[in-house]
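I have placed the structure first, in the form of structure tokens, so that the comments after it can refer back to it.
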Amino acid sequence: MPGYIYPNEFELQWGLLIVLYPYLTGLVAGAFILASLERVFNVREVQPTYRLALLTALAFLLVAPLPLLAHLGHPLRSHEIFLTPNRKSAMAMFGFVYAWYLAVVLLLEVWFDYRKDLVLWARNDRGVMRWIRYALTLGATDLSERSLRFDDRAGRVITIVGIPSAFLLHGYVGFIFGSIKANPWWSSVLMPVVFLFSAIVSGIALVLVIYMLTTMFRWRKVDVACMDKLAQFLFYAIVVDFSLEALDFIHRLYEAEESIQILSQMVESRLFLSLIVLQFLMGTIIPLIMLALVSPGLRKGGFVRLPPELKHLTYLVAAVLIQIGIFSIRWNVVIGGQLFSKSLRGLTVYKVQLFGIEGLAMSVALLLLPFVILWALVKVLPPWMDEAPGEAALAAEGPAAGLPSQG
Amino acid sequence: MSTARFDPTRSRSEPPASPVLDRRRFLGEAAAGACAAAPFLLGVVRLPAAFGQQPDGAYDASEHYYGMGVDPRRCIGCARCVAACKTENDVPAEPHFFNTWIERYVITEDDAVQVDSPNGGLDGFPPLTQANVERTFFVPKLCNHCDNPPCVQVCPVGATFMTEDGVVLVDDEYCIGCRYCIQACPYGARYLHPETHVAAKCTFCYHRLVRGQVPACVEVCPTGARIFGEVRGRATPLARFMRFNQIQVLKPHLNTAPKVLYANLDGEVR
Amino acid sequence: MPQQVPRLVFVFAVALLAMVIARWYLVPDTFGDIGHYRAAAVDSIAARPMKYAGHQQCTLCHSPIQEARLASNHKGVRCEVCHGPAAAHIAAPMEVKPSIPRGRDQCILCHAFNPSRPTGFPQIDPVVHNPLTPCKDCHDPHAPEPPVVPESCAACHGEIARQKLVSHHASLECEVCHAAPVTHKSNPRSARPSKPTDRSFCGACHAIGDPRAAIPQIDLQTHGQPYTCWQCHYPHHPEAP
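From first to last, the protein sequence lines are chains D, U and A. Its first residue numbered 2, the first sequence is counted upward by one per residue in the numbering used here. Its first residue numbered 41, the second sequence is counted upward by one per residue in the numbering used here. Its first residue numbered 344, the third sequence is counted upward by one per residue in the numbering used here.
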């Protein structure tokens with residue numbers, strides 16, 4: 002029997018660009034929470050990834066508004082969100098959450114963590130890099146014991162503030178969807194929570210992948226303890242995330258509200274590949290099993306002992322599958338919410354364009370852009386522990402030697 | 041002047057009596073009409089463009105609070121309202137942009153419900169293919185101009201709003217085209233205008249209301265399925281509609297408080 | 344105070360100042376006057392031109408037609424439904440003329456038979472009802488009462504007639520059960536046909552003992568008491584479950 006959609010529902014309103022946006026902000030929140038593990042909870046093993054996680058978060062946060070701007074009907078009017086925000090609108094308030102997170106949390110945290118090294122690097126640099134690094138210090142070149150202690154304490158405070166801010170950053174995106182009572186696929190109390198935990202999963206997985214690949218490209222050895230710890234936390238995060246999604250699923254089936262018929266139809270037909278195969282099987286179950294067996298999450302040393310290279314390869318594959326899975330979650334939420342009619346009587350289709358501002362090419366470019374920015378950030382602010390100037394340099398040169406101008 | 045009452049005794053061969061064909065009367069009335077029309081025809085007197093304005097010319101929004109009544113039992117699915125709305129409001133002609141549209145419901149004896157709206161009703165409705173039809177009827181749909189509008193709640197910049205007289209409007213020059221309001225509307229009443237790239241929807245023909253006219257869809261409905269007026273206190277056709285009908289609204293559980301009130305709405309209508 | 348603090352404070356102060364200045368310049372003047380929106384938007388929307396003039400405008404020049412129409416069955420069918428938007432005609436009556444539909448298309452939009460239309464609405468089958476003849480040759484659009492009384496009830500009760508035609512009651516004429524006064528066909532709402540009032544009416548054919556064996560027979564005393572027959576069985580399609 003043919004279904005029915007409201008005539009105006011013919012065109013999907015939020016497409017691939019809007020799928021990209023929660024994916025990117027999720028990575029930001031997840032990477033930051035991973036960084037906070039070391040700073041606030043003193044998980045020493047993940048220290049090698051601390052700065053990398055921060056820079057990753059920054060790179061992705063800078064790109065995150067771009068898909069939104071590209072999607073707007075009038076991007077040149079986007080400043081209106083900051084000038085006349087509707088306080089009742091989740092989207093408007095999110096503009097301020099984003100600004101808070103970027104300016105007060107992430108930029109400040111990076112600045113406080115890198116200030117000392119920027120000063121030390123700037124002393125030995127020549128040319129453009131010297132000026133860039135000097136400018137980034139904002140002229141605060143005092144490396145006395147008191148200043149460094151202030152840096153450390155300020156960074157700690159900001160990280161503590163940053164954890165709920167990261168929760169807010171991505172939880173808010175979940176709320177933007179979860180508060181739409183008109184859409185039974187979106188409207189749910191669990192939406193912000195599911196978004197947040199899937200963000201944590203994807204963030205940890207992303208940092209794992211980037212750490213492994215960058216270490217390999219630099220011809221260094223990966224820190225085994227660090228990788229094991231990352232995998233362990235990744236495993237715990239997946240368990241929580243999977244439990245939440247299973248809860249949502251069971252709850253829907255049990256209550257069997259009016260929308261269950263059309264939603265089941267949608268999952269079985271339109272979303273079969275992206276939900277059952279990509280999100281559930283490939284993105285959750287398989288990585289869960291892999292990490293359960295190999296990582297120290299459940300049992301020290303894992304259930305299956307593998308040589309380190311193979312173990313790390315397993316982690317890498319699991320992390321990549323997880324990225325695909327989390328992207329599929331975003332797809333299933335955003336696109337899935339628009340594939341069925343609000344009349345609950347029919348389904349429609351989403352045709353992804355190849356080119357054009359909402360096309361696949363644009364999305365791929367926006368997915369690659371954070372890595373380009375990360376590359377630039379890594380050039381100016383190398384996160385590698387073995388390239389940090391360290392205490393010896395500080396002792397040798399003194400707190401305020403050889404800089405262009407003082408104060 | 042005698043009116044042309046239907047006379048069953050008259051046979052088919054005789055032409056019907058009509059006041060216009062009565063020659064003497066015609067000439068007399070033509071002369072009178074010409075005298076009345078002459079000033080306008082000669083261009084000496086022009087009707088004000090907004091005839092029907094309040095006597096002092098100023099429209100006071102705080103004196104009104106508009107709503108609409110819809111009686112699906114009267115709707116014949118002719119879709120003249122859809123056509124008039126598209127003309128009056130320059131709605132794009134493509135079959136997926138509508139400020140108002142007509143749905144046809146076909147409920148068969150096995151409790152199956154089928155709904156269709158080919159080009160909003162403008163293309164007519166194809167013949168029924170179902171057997172054992174239990175109920176079938178038409179339902180006009182439009183923006184409900186809710187008193188508790190979810191679309192206004194979610195607009196990030198204040199580009200959509202409810203006026204003092206109860207009409208939900210979109211500011212074309214302020215909307216950023218984020219489409220959040222379109223997602224938030226439970227009734228599918230909104231769309232993104234393909235040329236201006238802003239949200240668009242039924243405006244209750246606000247530009248007609250301020251001039252004392254009714255919306256275009258109400259003006260052209262031949263069976264009186266759409267009733268327009270004030271929801272609060274004043275004596276308008278809507279007041280009678282609200283008094284003498286059992287009133288339903290679409291999706292009451294969402295608490296949007298629509299101001300488009302349906303009488304005799306079948307429970308299968310979403 | 345560590346060196347970092349005044350420098351950071353300075354940077355943030357500059358950013359905030361920039362936002363304040365931007366807000367001063369960029370927020371539209373009328374924003375917030377009435378509510379959280381640009382009040383000028385209401386005025387610009389209210390100033391849009393009308394395309395439909397409203398039927399009161401037509402009366403100024405075309406009052407005889409209006410009066411005829413208002414006394415006829417088309418009293419709810421206002422001028423612009425058939426003649427299209429007329430605001431341009433009101434503004435320039437001699438230069439711009441509304442269209443006059445002379446074919447069959449316009450009338451068929453409303454009057455072609457469609458089972459979803461409410462019962463009692465006059466409908467015809469355009470294929471068999473005087474095909475190729477313009478409707479206005481027999482029906483004055485401003486006083487459209489048919490030139491002759493419709494022969495069968497099906498003219499207005501098409502859905503019922505069609506359902507009955509494929510049912511077991513196909514051979515029963517409407518008049519068997521409904522006595523319609525002669526004036527019903529000209530004044531349907533004021534002179535209504537009768538409907539049977541008790542079970543014995545249907546029992547005249549369906550009670551046990553009727554010699555016509557093909558007719559289903561029931562015991563009138565016990566079957567479906569205390570309901571009347573049509574509370575369960577739809578007389579126009581009695582074999583429906």
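We treat Cβ as the ideally placed atom computed from N, Cα and C, and that holds for glycine.
Could you have a look at R45(U) and say whether DSSP puts it in helix, strand or coil? The count along the second sequence starts at 1 and reaches residue 45(U) at position 5. Model confidence at R45(U) stands at a pLDDT of 38, short of 50, so the residue's coordinates are unreliable; what they give is reported in the following sentence. The answer is coil: DSSP assigns R45(U) none of H, G, I, E or B.
What residues match up with T236(U) in a beta bridge as DSSP calls it? The count along the second sequence starts at 1 and reaches residue 236(U) at position 196. Beta-bridge pairing links T236(U) to no other residue.
So if I threshold CB-CB distances at 7 angstroms, which residues from the stretch 463-481 of chain A count as touching chain D? none
Kindly list the residues whose CB is nearer than 8 angstroms to the CB of E134(U), restricted to its own chain and excluding five residues on each side of it in sequence; keep chain order. The sequence position of residue 134(U) within the second sequence is 94, counting from 1. For E134(U), where only same-chain residues beyond five positions count, the Cβ hits under 8 angstroms are P234.
In this structure, how does DSSP classify G228(U) when only helix, strand and coil are distinguished? In the second sequence, residue 228(U) corresponds to position 188, counting from 1. Coil, per DSSP.
What does a CB cutoff of less than 7 angstroms around A101(U) pick up in its chain, not counting 5 residues either side in sequence? Numbered from 1 along the second sequence, position 61 holds the residue referred to as residue 101(U). If we look at A101(U) and ignore the five residues flanking it on each side, its Cβ neighbours are T203, E204 and D205.
Quick one: list the residues of chain D neighbouring A365(A), beta-carbon separation under 9 angstroms, in chain order. Your numbering for residue 365(A) matches position 22 in the third sequence. What A365(A) touches in chain D: H80, F83 and L84.
What separation, rounded to the nearest whole angstrom, lies between the Cα atoms of D114(D) and E256(D)? Residue mapping note: residue 114(D) aligns to position 113 of the first sequence, counting from 1. Residue mapping note: residue 256(D) aligns to position 255 of the first sequence, counting from 1. The alpha-carbon separation between D114(D) and E256(D) amounts to approximately 50 angstroms.
Report the CB separation of A396(A) from A435(A) in whole angstroms; it is logged as a contact under 8 angstroms. Position 53 of the third sequence, counted from the first residue, corresponds to residue 396(A). Position 92 of the third sequence, counted from the first residue, corresponds to residue 435(A). Between A435(A) and A396(A) the Cβ distance is about 12 angstroms, and since that is not below 8 angstroms, they are no contact.
List, from N- to C-terminal side, the alpha helix (DSSP H) runs of 4 residues or more that fit wholly inside the stretch 76-159 of chain D. 81-84, 91-101, 109-125 and 129-137
Run through DSSP, which three-state label would G357(D) get? One-based indexing of the first sequence puts residue 357(D) at position 356. Of the three classes helix, strand and coil, the one that applies to G357(D) here is coil, per DSSP.
For a quick check, are the C-beta atoms of L245(D) and M283(D) less than 7 angstroms apart? Along the first sequence, one-based indexing puts residue 245(D) at 244. Along the first sequence, one-based indexing puts residue 283(D) at 282. Not closer than 7 angstroms, so no.
Any chain A beta carbon closer than 7 angstroms to T264(U): On the second sequence, residue 264(U) is found 224 positions in, with the first residue counted as 1. Reading off the sequence, residue 264(U) comes out as Gly, not Thr. It does: the Cβ of G264(U) has a partner Cβ on chain A nearer than 7 angstroms.
R431(A) - partner residues in DSSP beta bridges: In the third sequence, residue 431(A) corresponds to position 88, counting from 1. Just to set this straight, residue 431(A) is Ala in the shown sequence, not Arg. Partner(s): none; A431(A) has no beta bridge.
Just the C-alpha distance for Y316(D) and Q193(U), rounded to the nearest angstrom, thanks. Walking along the first sequence from the start, residue 316(D) turns up at place 315. Walking along the second sequence from the start, residue 193(U) turns up at place 153. So the two alpha carbons sit approximately 45 angstroms from each other.
According to DSSP, simplified to helix, strand and coil, what is M393(A)? The count along the third sequence starts at 1 and reaches residue 393(A) at position 50. Looking at M393(A) - three-state DSSP - the assignment turns out to be coil, as it is neither helix nor strand.
Presumed contact (8 angstroms Cβ cut-off) between V210(U) and E308(U), rounded CB distance: On the second sequence, residue 210(U) is found 170 positions in, with the first residue counted as 1. On the second sequence, residue 308(U) is found 268 positions in, with the first residue counted as 1. That belief does not hold up - the Cβ atoms of V210(U) and E308(U) are roughly 31 angstroms apart, past 8 angstroms.
Can you pull the chain A neighbours of L169(D), defined as C-beta to C-beta under 8 angstroms? The residue labelled residue 169(D) in the question sits at position 168 within the first sequence. Simply none; closest approach about 20 angstroms.
Tell me, please, whether the stretch 561-569 of chain A touches the stretch 542-552 of chain A by the rule of three or more beta-carbon pairs shorter than 8 angstroms. A contact exists between the stretch 561-569 of chain A and the stretch 542-552 of chain A.
Does the structure place the stretch 240-258 of chain U close enough to the stretch 134-144 of chain U that three or more beta carbon pairs sit under 8 angstroms? yes
Identify which residue in L314(D), Y24(D) and P390(D) has its Cα closest to the Cα of L214(D). Counted from its first residue, the first sequence places residue 214(D) at position 213. Checked all of L314(D), Y24(D) and P390(D); the closest Cα to L214(D) is L314(D).
Please list, in chain order, the chain A residues whose beta carbon lies closer than 8 angstroms to that of E128(U). Residue 128(U) sits at position 88 when you count from the first residue of the second sequence. The answer, in chain order, is M393, K394, Y395 and P428.
Do A54(D) and A36(D) come within 7 angstroms of each other at the CB atom, strictly closer than that value? Mapped onto the first sequence, residue 36(D) falls at position 35. Mapped onto the first sequence, residue 54(D) falls at position 53. Their beta carbons are under 7 angstroms apart, which means A36(D) touches A54(D) by this criterion.
Alpha carbon to alpha carbon, how far is D387(D) from Y25(D)? Give it in angstroms, no decimals. Locating residue 25(D) in the first sequence gives position 24, counting from the first residue. Locating residue 387(D) in the first sequence gives position 386, counting from the first residue. Residue identity differs from the one stated: residue 25(D) is Leu in this sequence, not Tyr. Cα to Cα, the separation comes out at about 29 angstroms.
W15(D) and V353(D): beta carbons closer than 7 angstroms? One-based indexing of the first sequence puts residue 15(D) at position 14. One-based indexing of the first sequence puts residue 353(D) at position 352. In this structure, V353(D) does not lie closer than 7 angstroms to W15(D) by Cβ.
Flag this pair as yes or no: are the beta carbons of C195(U) and N184(D) separated by less than 7 angstroms? Here residue 195(U) corresponds to residue number 155 of the second sequence, with the count starting at 1. Here residue 184(D) corresponds to residue number 183 of the first sequence, with the count starting at 1. No, these two residues do not count as a Cβ contact at 7 angstroms.
Can you list the beta strand (DSSP E) stretches of 3 or more residues lying completely in the stretch 129-177 of chain U, in chain order? Listed in chain order, the complete beta strand (DSSP E) runs (minimum 3 residues) inside the stretch 129-177 of chain U are 140-148 and 153-156.
Give the DSSP-derived three-state secondary structure of R113(U) in the structure shown. For the purposes of this step, residue 113(U) is taken as residue 73 along the second sequence, with counting starting at 1. Here R113(U) sits in coil by DSSP.
Might you give, ordered along the chain, the residues of its own chain that have their beta carbon closer than 6 angstroms to the beta carbon of I239(D), omitting 5 neighbours on each side? Taking the first residue of the first sequence as 1, we reach residue 239(D) at position 238. Taken in chain order, the residues that qualify are V202 and L289.
In chain D, which residues lie less than 7 angstroms from Q560(A) when you measure between Cβ atoms? Mapped onto the third sequence, residue 560(A) falls at position 217. Residues of chain D passing the Cβ test: none, with the nearest at roughly 38 angstroms.
Go through its chain and collect everything with a Cβ distance to D468(A)'s Cβ below 6 angstroms, but skip five positions before and after it. Numbered from 1 along the third sequence, position 125 holds the residue referred to as residue 468(A). F456, listed in sequence order.
Cross-chain neighbours of H9(U) in chain D, by beta carbon under 7 angstroms: Missing from the structure shown is residue 9(U); chain U here goes from 41 to 310 and no further.
C-alpha gap between S344(D) and A232(D), whole angstroms: In the first sequence, residue 344(D) corresponds to position 343, counting from 1. In the first sequence, residue 232(D) corresponds to position 231, counting from 1. So the alpha carbons of these two residues sit roughly 44 angstroms apart.
Smallest Cα separation from I277(D): which of V241(D), G326(D) and V295(D)? As a first step, residue 277(D) must be located in the first sequence, where it is residue number 276. Measuring from the Cα of I277(D), the nearest candidate turns out to be G326(D).
What is the DSSP secondary structure of K230(D), reduced to helix, strand or coil? Indexing the first sequence from 1 puts residue 230(D) at position 229. Correct three-state label for K230(D): helix.
Is any beta-carbon of chain D found at less than 7 angstroms from that of R532(A)? Working through the third sequence from its first residue, we reach residue 532(A) at position 189. Judged by the 7 angstroms Cβ criterion, R532(A) is not in contact with chain D.
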